[in-house]
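S.K.: Submitted below is the structure of interest, expressed as structure tokens.
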Amino acid sequence: MKKKIFALLLTTMLTVSSLAGCGSSSSDGTKGANGTLKVGTNAAFPPFEYVGDDGNPDGFDIALINAIGEKLNMDVQVQDMEFESLCTSIGNKIDVAIAGMTITEERLNTVDFSDSYYEAVQAVLVPKGSTIATADDLKNLKIGAQLGTTGEFIASDIEGATVSAYNKAVDAVNDLNNGRLDCVIVDKNPAEVFGSQFSDKLDVIDGTAFDFEPEFYAIALPKGNTDLATKINDALKELKNDGTYDSLVKKYIEE
Ligand code: ARG
2 MKKKIFALLL TTMLTVSSLA GCGSSSSDGT KGANGTLKVG TNAAFPPFEY VGDDGNPDGF
62 DIALINAIGE KLNMDVQVQD MEFESLCTSI GNKIDVAIAG MTITEERLNT VDFSDSYYEA
122 VQAVLVPKGS TIATADDLKN LKIGAQLGTT GEFIASDIEG ATVSAYNKAV DAVNDLNNGR
182 LDCVIVDKNP AEVFGSQFSD KLDVIDGTAF DFEPEFYAIA LPKGNTDLAT KINDALKELK
242 NDGTYDSLVK KYIEE
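In the numbering used here, the protein residues as written are 2 to 256.
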């Protein structure tokens, strides 16, 4: 009997607190009532983020963070910046970062991460007809990647490789097209976008052929802010449950 009452009490408490969480403290349900979420991105990573026709950042990540902002009744303000400076800007210029960012041990020294919202893997862009096919074939090559990305870290670990790091992945792709590089290592979905933009010149090889590890994208958060982390993770869960997440995947990634 006592147990039952306790269980009932607990459910009531959870309901009340989740109701409170929904509207959150000062919220009256109006958009932006809970303030502004300043979001950093690097809008050079299609289909996750790119500069849209209106000159503003667009893409899967931008739509996802906007949907999260709606759940939290917060206005979302997106700033386009260098990928390299996203983590160190959290807590000063921006509150959080969404940029197809892979959870890594090293980044966890500076930031916390939300639950992962996407599984990815690196891919290798090669000139059409190239014979590169296995991990061994990557040795001693001239490899391009975006500065400060997992693609660059992987390239740097390849025996004998000469690695060139670029501010934008597309600049590496251009150097590949100009013959200055042998290949480019970049996340699979952007690799496919670049591959289809230059389908007469480039092939995309999935990183599993080179035994690259799966990577998990997450939103980078200020270290130790468990309140914000919980809110963002709860919003993510809601978006997965209500079908919004799937519709964004369809719209931006699978289209
Ligand atoms: N997933 C890779 C990483 O975290 C690349 C992300 C690049 N993102 C971008 N918006 N440029 O290092």
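Think of the CB as a built atom: it goes at the ideal place given N, C-alpha and C, for glycine as much as any other residue.
Quick one: is Ser19 buried, meaning 16 or more other Cβ sit within 10 Å of its Cβ, or exposed?
M.R.: Confidence at Ser19 is low in this model, with a pLDDT of 38, below 50, so the placement of that residue is unreliable and no value is reported for it.
S.K.: For Leu203, tell me which candidate among Leu229, Gly225, Asn226, Val171 has the shortest Cα-Cα distance.
M.R.: Closest option to Leu203, Cα to Cα, is Val171.
S.K.: On the three-state DSSP scale, how would you describe Pro215?
M.R.: It is coil, neither helix nor strand.
S.K.: Using a 10 Å radius around the Cβ and a threshold of 16 neighbouring Cβ atoms, would you call Asp137 buried or exposed?
M.R.: Looking at its Cβ environment, which holds fewer than 16 other Cβ atoms inside 10 Å, Asp137 is exposed.
S.K.: On the three-pair Cβ rule with 8 Å, is the stretch 147 to 155 touching the stretch 178 to 196?
M.R.: Taking 8 Å as the limit for Cβ pairs, the verdict is that the stretch 178 to 196 does touch the stretch 147 to 155.
S.K.: Distance, Cα to Cα, Phe213 vs Thr31?
M.R.: Going from the Cα of Phe213 to the Cα of Thr31 covers about 45 Å.
S.K.: What does the alpha-carbon distance come out to for the pair Glu160 and Asn179?
M.R.: Cα-Cα distance, rounded: 24 Å.
S.K.: Pairs of beta-carbons, one from the stretch 51 to 63 and one from the stretch 85 to 93, closer than 8 Å: are there three or more?
M.R.: At 8 Å Cβ cutoff, the stretches do not touch.
S.K.: Val122 and Gly208 - do their beta-carbons sit closer together than 8 Å?
M.R.: Yes, they are a contact pair.
S.K.: Hey, would you say Pro223 sits closer than 8 Å to Asp113, going by beta carbons?
M.R.: Yes, the Cβ-Cβ distance between Pro223 and Asp113 is below 8 Å.
S.K.: Between Phe114 and the ligand ARG, is the CB less than 7 Å from at least one heavy atom?
M.R.: False, no ligand heavy atom lies under 7 Å from that Cβ.
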